[in-house]
Amino acid sequence: MLKPYQRVNHFPGMVEICRKDFFTKHYNKQVKSDSRNYNFYPKTWILPQEYAAFLTYARKNPHPAYIVKPANGAMGMGIRLYRNVESVPSSSSQYGPCVVQEYVTNPYLIDGFKFDLRIYVLITSCCPLRIFVYNEGLVRLSAEKYMDPMGPNGESMYRHLTNYAVNRKHHAYMKTNDETDGNKRSFAFLEDYLARHAGLSDCRMLWRRIRNLVVKTVILAAPHVYHGYRLFHHSGDYRCSSGTSSGSTTTTTTTSSETRFGGFNGKGGGSTHSAAFEILGFDVILDADLKPWLLEVNRSPSFGVDQSLDLRVKSGLLRDALALINIRASDKRRSEEWQRAHAVQRLLNPTTTAVNAVCDTKLWQCSGTLKSKYLASDWLKNPRDLLNRINGIRERLGEMHREADLECFENSNCGNWRRVYPTMDKTLEQRYNTLIVNVFTEFNKGRPGDVDRVIPASLSESQKEEELRQQLFYLEKEASKLVKQRVNDKIPLPQQPKTQQQHHRQQQQHHLRVLNTGTSTPPTFPPRYCFREKWRSRNQSAVSMFSHPFWEDPNGLAESDEEGEEEVKKEEEEGSGGKEFLYRF
Numbered sequence: 001m002l003k004p005y006q007r008v009n010h011f012p013g014m015v016e017i018c019r020k021d022f023f024t025k026h027y028n029k030q031v032k033s034d035s036r037n038y039n040f041y042p043k044t045w046i047l048p049q050e051y052a053a054f055l056t057y058a059r060k061n062p063h064p065a066y067i068v069k070p071a072n073g074a075m076g077m078g079i080r081l082y083r084n085v086e087s088v089p090s091s092s093s094q095y096g097p098c099v100v101q102e103y104v105t106n107p108y109l110i111d112g113f114k115f116d117l118r119i120y121v122l123i124t125s126c127c128p129l130r131i132f133v134y135n136e137g138l139v140r141l142s143a144e145k146y147m148d149p150m151g152p153n154g155e156s157m158y159r160h161l162t163n164y165a166v167n168r169k170h171h172a173y174m175k176t177n178d179e180t181d182g183n184k185r186s187f188a189f190l191e192d193y194l195a196r197h198a199g200l201s202d203c204r205m206l207w208r209r210i211r212n213l214v215v216k217t218v219i220l221a222a223p224h225v226y227h228g229y230r231l232f233h234h235s236g237d238y239r240c241s242s243g244t245s246s247g248s249t250t251t252t253t254t255t256s257s258e259t260r261f262g263g264f265n266g267k268g269g270g271s272t273h274s275a276a277f278e279i280l281g282f283d284v285i286l287d288a289d290l291k292p293w294l295l296e297v298n299r300s301p302s303f304g305v306d307q308s309l310d311l312r313v314k315s316g317l318l319r320d321a322l323a324l325i326n327i328r329a330s331d332k333r334r335s336e337e338w339q340r341a342h343a344v345q346r347l348l349n350p351t352t353t354a355v356n357a358v359c360d361t362k363l364w365q366c367s368g369t370l371k372s373k374y375l376a377s378d379w380l381k382n383p384r385d386l387l388n389r390i391n392g393i394r395e396r397l398g399e400m401h402r403e404a405d406l407e408c409f410e411n412s413n414c415g416n417w418r419r420v421y422p423t424m425d426k427t428l429e430q431r432y433n434t435l436i437v438n439v440f441t442e443f444n445k446g447r448p449g450d451v452d453r454v455i456p457a458s459l460s461e462s463q464k465e466e467e468l469r470q471q472l473f474y475l476e477k478e479a480s481k482l483v484k485q486r487v488n489d490k491i492p493l494p495q496q497p498k499t500q501q502q503h504h505r506q507q508q509q510h511h512l513r514v515l516n517t518g519t520s521t522p523p524t525f526p527p528r529y530c531f532r533e534k535w536r537s538r539n540q541s542a543v544s545m546f547s548h549p550f551w552e553d554p555n556g557l558a559e560s561d562e563e564g565e566e567e568v569k570k571e572e573e574e575g576s577g578g579k580e581f582l583y584r585f
């Protein structure tokens, strides 16, 4: 099991876009319903399942060449080029299942050589989804000049494959520290080459298309990654699990983010609270019209270096990625300190809270008075629903604040990474959100499911922060009526039998008071002081609002805020604040 400060460098479920057969299946599904958005992947079939469909299509729509790739292959192994449809094998190759794909026969060339682009993509979180693209990458050229596959000697794979693992074996492969020469070149060289030879003085539209391609590809895997992540780390991200268990007699007040990274993460800030991250390598090719086509997605891109360009790009992206996901050497120590403090806090929390009494429906039915008519009938029938709604809104507001803080952190620490989802372009953002809803609906067989946990809360147009705060204000007023009504009706708090564990806990509380105050007499504090501090805490769960100080001093509820503040100031002047309050709850 992962420790709270540990991260995994892969998301479960990302294989859905990294295996060519899985990606082809998901991509073809979306093409049927939304061909306008999914038009960046050459037409592909899975063998042997779709061999008959492939033959039918190929005979009606002749294509110069087809390329066969192992479904789970890498480094160019097992790739074959076929000019005759009938020669394409119907069964799996020695490398296992494979796919057959229309070959892009009109690639854009650099000095007569075919090339592709290695684009590096970082996913820091799956719920909410956050995608980054690195501004630097590699332009990889083939070892031999490109030749039409229909021509003589056109089947040489050194003319058609740009993989480093394949071309480095060729005698003409050239390593150099000059980023404008050799078989590996920089993006800056590509932009300059396009400006000189293609008349493309501004490459922003090209890079925008590539970023668009990247986001749409990752969206295809989003429901699978989210589902796998929940199974792999059920208490991981604060948006992947709820802090409230409906129908139970107690409510969990600690959010999953605190469980995941502990309160220590608040000081450093900027963490996604995700237990995993992933760096992917996208291979993209440009055709003669400079339209980008996705070739494949690599789940474990190579970080080996054999020339200065490799070292500059790969070391830079790793350094910036570690800064962006905010991994620090002190995380382990701070997490352990927070866990120890949290264990003491949990030990000293009261075992019975007023909210349990408020939510006791039977007591309300038996002991209700005429004053109950001033309460909302829905809450009176089921106060647990009121508590759940308060918890939900407070959690939602907390998410919005956390994501706003996270966005500020990312903008300051992204280095050469650029966030492509969520994006500042609201129109484009809405299109991406629509695609996410569509793939989740397809995945959940007609239901959106937990899509709201993947779309960032700060960008959701359905619920504004001000509206949520107004709802929370109203619901808290209703909750106060319920608590006040229970006090005025003098309905006794349900007592639980004392157990040996509770007796032992009371002894520990007494020992802690002795250690902190130097006296065996338990210190006394204004009950409302504790309540008001809890109320002011933005991220505190609704349970703390109904804590037991009300039952110790019911009349305190009727006092004004000014009187309560005067009490607090008076206590502070007398010197009875200090360390003792730290252990009050």
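Heads up: the sequence shown begins at 1 in the UniProt record's numbering, then just goes up one per residue. From the three backbone atoms N, C-alpha and C, an ideal C-beta is built for every residue, glycine too.
Asked	Found
Just to confirm, are F282 and V214 a CB contact at a threshold of 7 Å?	yes
Pull up the DSSP beta-bridge partners for V100, would you.	W45 and V68
With a cut-off of 8 Å, do at least 3 Cβ pairs link the segment 328-342 to the segment 193-207?	no
Can you tell me whether E395 is helix, strand or coil according to DSSP?	helix
Where does T124 sit, in a helix, a strand or coil, going by DSSP?	strand
Taking the alpha-carbon positions, what's the residue 605 to Q30 distance?	With the chain covering only 1 through 585, there is no way to say anything about residue 605.
Which residues does DSSP list as the beta-bridge partners of N298?	G281
If we define contact as Cβ-Cβ less than 7 Å, is N433 a contact residue for chain D?	Here there is only one protein chain, and chain D is not present.
Taking three-plus beta-carbon pairs below 8 Å as touching, is the segment 121-137 in contact with the segment 420-427?	yes
With 16 other CB atoms within 10 Å as the buried threshold, where does T44 fall?	buried
Residues in its own chain within less than 6 Å of E102 by CB, not counting five upstream and five downstream?	P42, K43 and H63
Hey, could you find the ends of the alpha helix (DSSP H) V305 is sitting in?	Counting along the chain, V305 falls outside any alpha helix (DSSP H), and DSSP gives it neither H nor E.
E50: which of K25, G73 and K32 sits nearest, CA to CA?	K25
Assuming V439 contacts P107 under a Cβ cut-off of 8 Å, what Cβ separation, rounded to an integer in Å, is found between them?	Not quite, the Cβ-Cβ distance comes to about 30 Å (not below 8 Å), so this is no contact.
Out of I279, F187 and L231, which one is the CA nearest neighbour of I123?	I279
Classify C366: buried if its beta carbon has 16 or more other beta carbons within 10 angstroms, exposed otherwise.	Bear in mind that the predicted position of C366 carries a pLDDT of just 39, short of 50, making it unreliable; the figure below should be weighed with that in mind. Burial call: exposed.
Measure the Cβ-Cβ separation of G76 and V166 and say whether it is below 7 Å.	yes
Please state whether the Cβ-Cβ distance between G137 and F189 is less than 7 Å.	no
Please look up how many angstroms separate the CB atoms of P97 and L55, rounded, as I've assumed it's under 8 Å.	Not confirmed; about 18 Å, so no contact.
Opposite Y421 in the DSSP bridges: which residues?	I131
So E465 packs on M400, CB below 8 Å; how close in whole Å?	6 Å
Starting from the C-beta of D320, find all residues in its chain whose C-beta is less than 6 Å away, skip the five residues before and the five after it, and write them out in chain order.	G415, N416 and W417
On the DSSP bridge assignment, give the partners of G196 in chain order.	Before going on, a small fix: residue 196 reads as Arg here, not Gly. BP columns for R196 are empty, so no partner.
Indicate whether R19 and A71 have their beta-carbon atoms separated by less than 7 Å.	yes
In terms of DSSP beta bridges, what is R80 paired with?	V68
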